[in-house]
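Student: Residue numbers (the numbering used here): -3 to 302.
Glycine included, every Cβ here is placed at the ideal spot set by N, Cα and C.
This is the structure, below, for whatever I ask next.
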Amino acid sequence: MSVGQGGQQDQTMLEKVTNDAVANIRTIARRRGRNGDWAEKAVRESVSIDEEEAVAQHVVDLVAVDVRDLLTKIDGREVETESGPVRLATGHAVVRSIGMDPGERLLDLLSDPNIGLILMTIAIYGIIFELGNPGAILPGVVGAIALILALASFAILQVNVAGLALIAFSVLFFIADLKVPGHGVLTIGGILAFFFGALLLTERQSPFLQVSLKLAVFTALLTGAFFLFAVGAGVRAQRTKVRSGREGLVGASGVARTDLNPEGMVYAQGEMWTAEAEDKTTIRQGERVTVVGVNGLRLRVRPGPR
C-alpha cells in the first residue's frame, strides 16, 4: 500500500515539475516572440527538429555557420534590453579569441577524472617504489609531485570518498599479499577494489566527469602487475640471505689441482685454496669437490658433484 502511495506521490510531483517548466518556457517564448506551442511540446514530449524547421516554426531567428556569419546576419537587427530597444551594429565587429593561460590550461587538464586517476596511480607507484628502495630519489620525487597534482584534481572534481577508500584498500591488499602469502587471493581482491574504486572515484552527475571503463580496467590490472612483479621482486630480494666472503664458499664447487691425501690445493670461486679432504679420504687431482666448511684460510671439502 505504501509503495503504491509513494509511486502516486512521485507521479504527482513529476507533473508539477513539468507544468512549472512548461509555464516558464512559454513565458520566455512569448517574451522573445518564439513559438510557444512547440516549446511546450519540447518539454512535455521531448520533440526535436533540425535547424531549418526551427527557423520555419519561429523557434530560432536564424542559422549561422560560424561567429563571423552570425555577426553579419544579426547586423542591423533590433533587440529589446532593460533600457529599451537597441540596434545591433556587428557587421564590421572585430573578433578576438582569448585562449586560456598556462594556469587555466593546467586546471582544465586536472578537471578530467581520467587524468586524476592516472596521477594517483603514478603517485602510488613512485612512493611505494621509493619506500622499497630508499635512496632511489627519482621515483619518490615523481610520486610526490603526482600525488599533489592528484589531490588538486580531486579538489576540483566532486570526489566520492568510497572510491578513494577502495583504492587505498587495494594498495593494502597488494602489500599484504606480498608480506603474507595468500595464494593470490589478496592480489585479486586488490585488483577488484582498485577497479571499483576507479569507477566510483567521482560522483556520477555527468557522463563527462566519469572515469573511463577501459582506463579503470587497465590501471587496475597494471597496478596488480606492478605489485606482483616489481614490488614483489624487491621484497623477495630483501628476504634472500646475502652470502659473501668465506660464508659464500660453503656449498661452492671446485676442482682439485693436486692430490688431496688428505691435504692439497683446490680451485674454487676463482681462487686457489689450501684444502683438506673430509673424513681424511683421498681425492685425486682433477676431481670435482664441494666445499663443506671453512677454517681460517683452509677449506674442508668432499668429493663431488661429478
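Could you tell me if L162 is buried or exposed, where buried requires 16 or more neighbouring beta carbons within 10 angstroms of its beta carbon?
Tutor: Residue numbering aside, residue 162 sits at position 166 when the sequence shown is read from its first letter. By the 10 Å Cβ count, L162 comes out buried.
Student: Identify the continuous beta strand (DSSP E) that holds R83 and give its terminal residues.
Tutor: As a first step, residue 83 must be located in the sequence shown, where it is residue number 87. Start and end: G80 to R83.
Student: If F170 and T183 are in contact, beta carbons under 8 Å, what's the gap, nearest whole angstrom?
Tutor: As a first step, residue 170 must be located in the sequence shown, where it is residue number 174. As a first step, residue 183 must be located in the sequence shown, where it is residue number 187. Confirmed, Cβ separation roughly 6 Å.
Student: What residues in its chain sit with their C-beta under 7 Å from that of E47, if we drop five residues either side in the sequence?
Tutor: Counted from its first residue, the sequence shown places residue 47 at position 51. Cβ neighbours of E47 beyond the five flanking positions: V59.
Student: Using DSSP with H/G/I as helix, E/B as strand and the rest coil, what is M268?
Tutor: As a position in the sequence shown, residue 268 is number 272, starting the count at 1. Three-state result, M268: strand.
Student: Please list the terminal residues of the continuous alpha helix (DSSP H) segment that includes T278.
Tutor: In the sequence shown, counting from the first residue as 1, residue 278 sits at position 282. Run containing T278: none; DSSP gives neither H nor E here.
Student: Taking 8 Å as the threshold, find out whether the stretch 214 to 224 comes into contact with the stretch 262 to 278 through three or more Cβ pairs.
Tutor: The count of Cβ pairs closer than 8 Å, one atom from the stretch 214 to 224 and one from the stretch 262 to 278, stays below three, leaving the stretches out of contact.
Student: Kindly list the residues whose CB is nearer than 6 Å to the CB of A248, restricted to its own chain and excluding five residues on each side of it in sequence; keep chain order.
Tutor: Looking up residue 248 in the sequence shown gives position 252. If we look at A248 and ignore the five residues flanking it on each side, its Cβ neighbours are A264, Q265 and V287.
Student: Quick one: what does DSSP say R92 is sitting in, helix, strand or coil?
Tutor: Taking the sequence shown and counting its residues from 1, the one referred to as residue 92 is at position 96. The answer is coil: DSSP assigns R92 none of H, G, I, E or B.
Student: Alpha helix (DSSP H) containing N110: first to last residue?
Tutor: Position 114 of the sequence shown, counted from the first residue, corresponds to residue 110. That run of the alpha helix (DSSP H) goes P109 to G128.
Student: Closer than 8 Å is the cut-off here; do at least three beta carbon pairs connect the stretch 34 to 47 with the stretch 63 to 79?
Tutor: no
Student: Can you tell me the Cα-Cα spacing of V13 and R22, whole angstroms?
Tutor: On the sequence shown, residue 13 is found 17 positions in, with the first residue counted as 1. On the sequence shown, residue 22 is found 26 positions in, with the first residue counted as 1. Those two C-alpha atoms are separated by around 14 Å.
Student: Hey, E283 and A252: beta-carbon distance below 9 Å or not?
Tutor: Locating residue 283 in the sequence shown gives position 287, where the first residue counts as 1. Locating residue 252 in the sequence shown gives position 256, where the first residue counts as 1. Contact: yes.
Student: Note down, in chain order, each residue of its chain lying with its Cβ closer than 7 Å to the Cβ of T86, except the 5 sequence neighbours on either side.
Tutor: Counted from its first residue, the sequence shown places residue 86 at position 90. Hits under 7 Å: L67, I70 and D71.
Student: From the DSSP output, read off the bridge partner residues of M261.
Tutor: Position 265 of the sequence shown, counting from 1, holds the residue named residue 261. In DSSP, M261 forms a bridge with T270.
Student: Counting along the chain, where does the beta strand (DSSP E) carrying G289 start and finish?
Tutor: If you number the sequence shown from 1, residue 289 lands on position 293. That run of the beta strand (DSSP E) goes R284 to N291.
Student: Among the residues of its own chain, which have a CB less than 6 Å from the CB of G185, if the five just before and after it don't count?
Tutor: Taking the first residue of the sequence shown as 1, we reach residue 185 at position 189. Excluding positions up to five away in sequence, the list reads F169.
Student: Would a check of beta-carbon distances place I144 closer than 9 Å to chain B?
Tutor: Among the chains in the structure shown there is no chain B, since it carries only a single protein chain.
Student: Taking the CB atoms as reference points, tell me whether L106 and L145 lie closer together than 9 Å.
Tutor: Numbered from 1 along the sequence shown, position 110 holds the residue referred to as residue 106. Numbered from 1 along the sequence shown, position 149 holds the residue referred to as residue 145. Their beta carbons are under 9 Å apart, which means L106 touches L145 by this criterion.
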